[in-house]
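Trainee: Protein sequences appear in the order of chains A and B.
Position one of the first sequence corresponds to residue 10 (the numbering used here), numbered consecutively onward.
Position one of the second sequence corresponds to residue 206 (the numbering used here), numbered consecutively onward.
Sending over a structure as structure tokens; questions will come in a sec.
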Amino acid sequence: MNDTGNGASDAPEPEWVGLAANQSRLSFGLAVTELAERDESVVAVAADTLDLIGLRTLMERRPERVIDVGIAEQNAMGIASGLATTGMHPYVCGYAPFIAARSMEQLRNDVDYANQRVVIGAACSGISLAVSGGTHHAVEDIALMRGLPNMTVIVVADAHQGYHATLATRDHDGPVYIRLGGRAIETPATPVDTDYRIGRADLLRAGGDVTVIACGCMVPEAVSAAETLAGRGVDTRVIDMHTIKPLDRDAVLVAAAETGGIVTAEEHRLTGGLGGAVAELLAEEHPTRMRFVGMPAEYAVVGPTAKVRDRHGMSARHIVAACLSLAG
Amino acid sequence: MAERSNRKAVLRRLRDEARDIRRNSWRALRAAGSGHVGGALSAAELLAALYFHYLRVRPDEPDWPDRDRFVLSKGHGNAALAAVLAQAGFFDESRLDEFYAYESLLGMHPDIKCEGVEMSTGGLGHGLSIGIGMALGARLQGKDFRTVVMIGDGELQEGSNWEAAMAAAHMSLSNLAAIIDYNKVQQSGHVRDRMAIEPLADKWRAFGWAVREIDGHDVGEIVDALDALPLEEDKPSFVVAHTVKGKGASFAEDTYLWHNNAVTDEIYERALEELEASA
Numbered sequence: 010m011n012d013t014g015n016g017a018s019d020a021p022e023p024e025w026v027g028l029a030a031n032q033s034r035l036s037f038g039l040a041v042t043e044l045a046e047r048d049e050s051v052v053a054v055a056a057d058t059l060d061l062i063g064l065r066t067l068m069e070r071r072p073e074r075v076i077d078v079g080i081a082e083q084n085a086m087g088i089a090s091g092l093a094t095t096g097m098h099p100y101v102c103g104y105a106p107f108i109a110a111r112s113m114e115q116l117r118n119d120v121d122y123a124n125q126r127v128v129i130g131a132a133c134s135g136i137s138l139a140v141s142g143g144t145h146h147a148v149e150d151i152a153l154m155r156g157l158p159n160m161t162v163i164v165v166a167d168a169h170q171g172y173h174a175t176l177a178t179r180d181h182d183g184p185v186y187i188r189l190g191g192r193a194i195e196t197p198a199t200p201v202d203t204d205y206r207i208g209r210a211d212l213l214r215a216g217g218d219v220t221v222i223a224c225g226c227m228v229p230e231a232v233s234a235a236e237t238l239a240g241r242g243v244d245t246r247v248i249d250m251h252t253i254k255p256l257d258r259d260a261v262l263v264a265a266a267e268t269g270g271i272v273t274a275e276e277h278r279l280t281g282g283l284g285g286a287v288a289e290l291l292a293e294e295h296p297t298r299m300r301f302v303g304m305p306a307e308y309a310v311v312g313p314t315a316k317v318r319d320r321h322g323m324s325a326r327h328i329v330a331a332c333l334s335l336a337g
Numbered sequence: 206m207a208e209r210s211n212r213k214a215v216l217r218r219l220r221d222e223a224r225d226i227r228r229n230s231w232r233a234l235r236a237a238g239s240g241h242v243g244g245a246l247s248a249a250e251l252l253a254a255l256y257f258h259y260l261r262v263r264p265d266e267p268d269w270p271d272r273d274r275f276v277l278s279k280g281h282g283n284a285a286l287a288a289v290l291a292q293a294g295f296f297d298e299s300r301l302d303e304f305y306a307y308e309s310l311l312g313m314h315p316d317i318k319c320e321g322v323e324m325s326t327g328g329l330g331h332g333l334s335i336g337i338g339m340a341l342g343a344r345l346q347g348k349d350f351r352t353v354v355m356i357g358d359g360e361l362q363e364g365s366n367w368e369a370a371m372a373a374a375h376m377s378l379s380n381l382a383a384i385i386d387y388n389k390v391q392q393s394g395h396v397r398d399r400m401a402i403e404p405l406a407d408k409w410r411a412f413g414w415a416v417r418e419i420d421g422h423d424v425g426e427i428v429d430a431l432d433a434l435p436l437e438e439d440k441p442s443f444v445v446a447h448t449v450k451g452k453g454a455s456f457a458e459d460t461y462l463w464h465n466n467a468v469t470d471e472i473y474e475r476a477l478e479e480l481e482a483s484a
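In structure tokens, the structure reads:
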């Protein structure tokens, strides 16, 4: 596990930081643009998602390197697979609810079963588009992707991590699913120059009483919860588990051994996501008291994103309550 | 004169290879005990012409980067694909006896791990999008390899094909061709009764493809169509190959009952007798 406690740097802020404006969907596109500048095999496949995913600059500079198939996610995924067989490195970009669920058969057969080097950028995951309603929510996608044998599954916590995780796919073999945020500003949880490694969890806060293992937008909520808990005498470890598959087993097992229980926190259904991955490991290797923070088996109401997340159990206060139930 | 006799020799060879594809498909299907007979037999001449006349491939170097790509989108026709790949020398014909066998690379549907197979297929409506990706890969890398996708007729009921149809024309992918093995029969009946796809040629023309209709069992017409690719400049090509499901086995022709059926020794012997009689 990587201890990121003192990651501050004096270097001037890179240009992408401002352009990303604390939105991981944009930092993904900026990273793809950067990769395309360095590597002739990199190509973006969009589904009418040029601006959603920050590809406009690449489109203007190198139009041939952006293949926009229009609103046709199945076609986008199949094309990406075909491109990859010829030695290209495609980055498919779409809305999480559509690029994951609608193209699932292409994603499973053409990309994962055929084991092609395709990166999928899934913007607006979870219930980030809260005002859009349930048709536009993706709270089952981690479960879907975790079920695919060859897939690497990444859930980024903020724009910084989104940028570095995307760059990290350059040297990664096999298919990768990167789960990105929505149209709202994301609370920065990691440093601009974060030392990102696929499959290596980041320790955001040391603690010995209880551990919160979080991903995505629940990472800053977990940090906030840990501060609240400190005031109540509960020393909370916070782990950013940005890679759900392969899971950083050591980080989980050490936390289970060293602290009094584990709370997982994710913007995803309570079944099949990060919590499931951690529980499966611990049930076999180190049975541990756990609590799960996430989306129950219900569809979200419409409203402001933070308020809707809180309504459905996904916010710092729910993490605090879960930790207290273990610590107490 | 020499050219004409050369053409005659080419066509004779292709007819022989097509007969061998049928013989070898039956061999594989008998080894399996059952399988997709109808859609393998209907594609025999098309596959013979592709692998022994059109496609630039190297069986001893299956991953040659500049090879032409062929995707069998109607993956259930894998017995015929396995047959033609074996005949072309990608692997030994004895492997056909391992069809459906434990740990075999020859299952009901093509597997990318098998020599000569460009994509794992079987879920219908996937091949055309994959072919677009391959054709774009050629364009982006400045390579002149060509991509051919064989689709089935019932398969066109999958909506994903029409996403691909729009895209290939929009992108002016003249290095992409689709051939439909139009045998008119799908799993549970005639295509026209399950979900009609006509007017087929008009649909593809309307989507922006160049279209030619041929008799998919006439090797002369197939060769002429392949040699004419791309059928028009700046357009993807669509070849409507009219075929007969189960072609060459009287009991299996034009019936959904032989889309997928048991293949006993008795059936095998009968099919082989008919093939020899037609030689």
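For each residue, glycine too, the CB sits at the ideal point set by N, CA and C.
#1: Decide if B:Val445 is buried, meaning its Cβ has at least 16 other Cβ atoms within 10 Å, or exposed.
#2: What would DSSP say about A:Lys316, mapped onto helix, strand or coil?
#3: With a 10 Å radius around its C-beta and 16 neighbouring C-beta atoms as the bar for buried, classify B:Glu481 as buried or exposed.
#4: Which stretch, first to last residue, makes up the alpha helix (DSSP H) that contains B:Tyr473?
#5: Check distances from the C-beta atoms of the segment 343 to 360 of chain B to those of chain A and list, in chain order, the residues that come in under 9 Å.
#6: Along chain B, in chain order, which residues have C-beta atoms closer than 7 Å to that of A:Leu92?
#7: Return the Cβ separation of A:Ala85 and B:Ile317 in integer angstroms, given the expectation that the two are a contact with Cβ distance under 8 Å.
#8: Residues of the segment 145 to 156 of chain A in Cβ contact with chain B at a cutoff of 8 Å, in chain order, please.
#9: Please compile the residues from chain B whose C-beta is within a distance smaller than 9 Å of the C-beta of A:Val75.
#10: Tell me where the beta strand (DSSP E) around A:Glu276 begins and ends.
#11: Can you find the residues in the same chain that come closer than 6 Å, C-beta to C-beta, to A:Pro23, ignoring five residues on each side of it along the sequence?
#12: For a cutoff of 8 Å on Cβ pairs, would you count A:Gln170 as touching chain B?
#13: Are the CB atoms of A:Arg246 and A:Ala266 within a distance shorter than 8 Å?
#14: Where does the unbroken beta strand (DSSP E) through A:Val247 begin, and where does it stop?
#15: So what's A:Pro229 in DSSP terms, helix, strand or just coil?
#16: For A:Val54, tell me which candidate among A:Arg188, A:Val127, A:Glu69, A:Arg206 has the shortest Cα-Cα distance.
#17: Going by CA-CA distance only, name the one from A:Ile187, A:Leu262, A:Arg278, A:His277 that's closest to A:Ile271.
#18: Helix, strand or coil for B:Asp225 per DSSP?
#19: Taking just the CA atoms, how far does B:Ala287 sit from B:Ile427?
#20: If contacts are defined as beta-carbon pairs under 8 Å, then A:Ile222 and A:Val329 qualify, I think. What distance do you get, rounded to the angstrom?
#21: Secondary structure at A:Ile163, three-state DSSP: helix, strand or coil?
#22: Mind checking if A:Gly96 is an interface residue toward chain B, Cβ cutoff 8 Å exclusive?
#23: Is there a Cβ of chain A sitting closer than 8 Å to that of B:Gly321, yes or no?
#24: Relative to the C-alpha of B:His258, which candidate in B:Leu431, B:Leu477, B:Thr448, B:Glu438 has its C-alpha closest?
#25: For a contact defined as C-beta to C-beta under 8 Å, what are the partners of B:Ala372 on chain A?
#26: Residue range of the beta strand (DSSP E) that B:Leu277 falls in?
#27: Would you mind listing the alpha helix (DSSP H) stretches within the segment 141 to 221 of chain A that are 4+ residues and don't spill past its ends, in chain order?
#28: In chain B, which residues lie less than 7 Å from A:Asn118 when you measure between Cβ atoms?
#29: Can you grab the Cα-Cα spacing for the pair B:Ala284 / B:Met313, in whole Å?
#30: Could you name the residues of the same chain whose beta carbon sits closer than 6 Å to that of A:Leu138, not counting the 5 residues immediately before and after it, in chain order?
#31: By the criterion of Cβ-Cβ separation under 8 Å, what are the contact partners of B:Ile419 in chain A?
#32: By the three-class DSSP mapping on this structure, what secondary structure does A:Asn31 have?
#33: Tell me, please, which residues DSSP counts as bridged to B:Ser239.
#34: Which residues in the same chain as A:Asn15 place their Cβ atom closer than 7 Å to its Cβ, once the five residues preceding and following it in sequence are excluded?
#35: If you draw a straight line from the C-alpha of B:Gly357 to the C-alpha of A:Thr42, how long is it?
#36: In this structure, does DSSP put A:Pro2 in helix, strand or coil?
Mentor: Answer, in terms of the structure:
#1: Against the second sequence, residue 445 of chain B aligns to sequence position 240. It counts as buried.
#2: Numbered from 1 along the first sequence, position 307 holds the residue referred to as residue 316 of chain A. Of the three classes helix, strand and coil, the one that applies to A:Lys316 here is helix, per DSSP.
#3: Position 276 of the second sequence, counting from 1, holds the residue named residue 481 of chain B. Classification of B:Glu481: exposed, given that the 10 Å Cβ count is below 16.
#4: What you label residue 473 of chain B is simply residue 268 of the second sequence in a count that begins at 1. Unbroken alpha helix (DSSP H) run through B:Tyr473: 470 to 483.
#5: Ala343, Arg344, Leu345, Gln346, Lys348, Phe350, Thr352
#6: Here the question's residue 92 of chain A lines up with position 83 in the first sequence. Within 7 Å Cβ-Cβ: Gly338, Leu341, Gly342.
#7: Working through the first sequence from its first residue, we reach residue 85 of chain A at position 76. Working through the second sequence from its first residue, we reach residue 317 of chain B at position 112. Rounded to the nearest angstrom, the Cβ distance from A:Ala85 to B:Ile317 is 20 Å, too far for a contact under 8 Å.
#8: Within the segment 145 to 156 of chain A, no residue qualifies.
#9: Taking the first sequence and counting its residues from 1, one reaches residue 75 of chain A at position 66. Result: empty, since nearest Cβ-Cβ is about 11 Å, beyond 9 Å.
#10: Here residue 276 of chain A corresponds to residue number 267 of the first sequence, with the count starting at 1. 271 to 278 is the extent of the beta strand (DSSP E) around A:Glu276.
#11: Stepping through the first sequence from its first residue, residue 23 of chain A is reached at position 14. In the same chain as A:Pro23, and ignoring 5 residues on each side of it, no C-beta atom comes closer than 6 Å to its own.
#12: Locating residue 170 of chain A in the first sequence gives position 161, counting from the first residue. Closer than 8 Å: no.
#13: Within the first sequence, numbered from 1, the residue matching residue 266 of chain A stands at position 257. Within the first sequence, numbered from 1, the residue matching residue 246 of chain A stands at position 237. Their beta carbons are not under 8 Å apart, which means A:Ala266 does not touch A:Arg246 by this criterion.
#14: Counting from 1 along the first sequence, the entry for residue 247 of chain A is found at position 238. Taken as a continuous stretch (DSSP letters only), the beta strand (DSSP E) holding A:Val247 covers 245 to 249.
#15: Residue 229 of chain A sits at position 220 when you count from the first residue of the first sequence. Correct three-state label for A:Pro229: helix.
#16: As a first step, residue 54 of chain A must be located in the first sequence, where it is residue number 45. Closest by alpha carbon: A:Val127.
#17: For this step, residue 271 of chain A is matched to residue 262 along the first sequence. Of A:Ile187, A:Leu262, A:Arg278, A:His277, the residue nearest in Cα terms is A:Leu262.
#18: Translated into positions along the second sequence, residue 225 of chain B becomes position 20. The answer is helix: DSSP assigns B:Asp225 an H, G or I state.
#19: Locating residue 427 of chain B in the second sequence gives position 222, where the first residue counts as 1. Locating residue 287 of chain B in the second sequence gives position 82, where the first residue counts as 1. The straight-line gap from Cα to Cα measures roughly 20 Å.
#20: Stepping through the first sequence from its first residue, residue 222 of chain A is reached at position 213. Stepping through the first sequence from its first residue, residue 329 of chain A is reached at position 320. Actually they are not in contact, since the Cβ atoms of A:Ile222 and A:Val329 sit about 15 Å apart, beyond 8 Å.
#21: Counting from 1 along the first sequence, the entry for residue 163 of chain A is found at position 154. In this structure, A:Ile163 counts as strand in the three-state DSSP scheme.
#22: Start at 1 with the first residue of the first sequence, and residue 96 of chain A comes out as number 87. Interface residue, yes.
#23: Working through the second sequence from its first residue, we reach residue 321 of chain B at position 116. With 8 Å as the cut-off, B:Gly321 does not count as an interface residue toward chain A.
#24: The count along the second sequence starts at 1 and reaches residue 258 of chain B at position 53. Looking at the Cα atoms, B:Leu431 is the closest of the given residues.
#25: The residue labelled residue 372 of chain B in the question sits at position 167 within the second sequence. Simply Val78, Gly79, Ala81, Asn84, Ile88.
#26: Sequence index remark: in the second sequence, residue 277 of chain B carries index 72 (1-based). Looking at the DSSP string, the run of the beta strand (DSSP E) that includes B:Leu277 is 274 to 277.
#27: 150 to 155, 168 to 177
#28: Here the question's residue 118 of chain A lines up with position 109 in the first sequence. Residues of chain B passing the Cβ test: Ser325, Gly328, His331.
#29: The residue labelled residue 284 of chain B in the question sits at position 79 within the second sequence. The residue labelled residue 313 of chain B in the question sits at position 108 within the second sequence. In a straight line, the C-alpha of B:Ala284 is about 7 Å away from that of B:Met313.
#30: To locate residue 138 of chain A, count along the first sequence from 1; it is residue 129. Result list for A:Leu138: His145, Gly191, in chain order.
#31: Taking the second sequence and counting its residues from 1, the one referred to as residue 419 of chain B is at position 214. Here the premise fails: no neighbours, minimum Cβ distance about 26 Å.
#32: Taking the first sequence and counting its residues from 1, the one referred to as residue 31 of chain A is at position 22. In this structure, A:Asn31 counts as coil in the three-state DSSP scheme.
#33: Stepping through the second sequence from its first residue, residue 239 of chain B is reached at position 34. Answer is B:Ala467.
#34: Stepping through the first sequence from its first residue, residue 15 of chain A is reached at position 6. Reliability of the predicted coordinates at A:Asn15 is poor, the pLDDT of 49 falling under 50, and the value obtained from them is presented with this limitation in mind. Here the set comprises nothing.
#35: On the second sequence, position 152 is the one that residue 357 of chain B refers to. On the first sequence, position 33 is the one that residue 42 of chain A refers to. Rounded to whole angstroms, B:Gly357 and A:Thr42 show a C-alpha spacing of 38 Å.
#36: This structure does not reach residue 2 of chain A, given that chain A is present from 10 up to 337, and the question cannot be answered.
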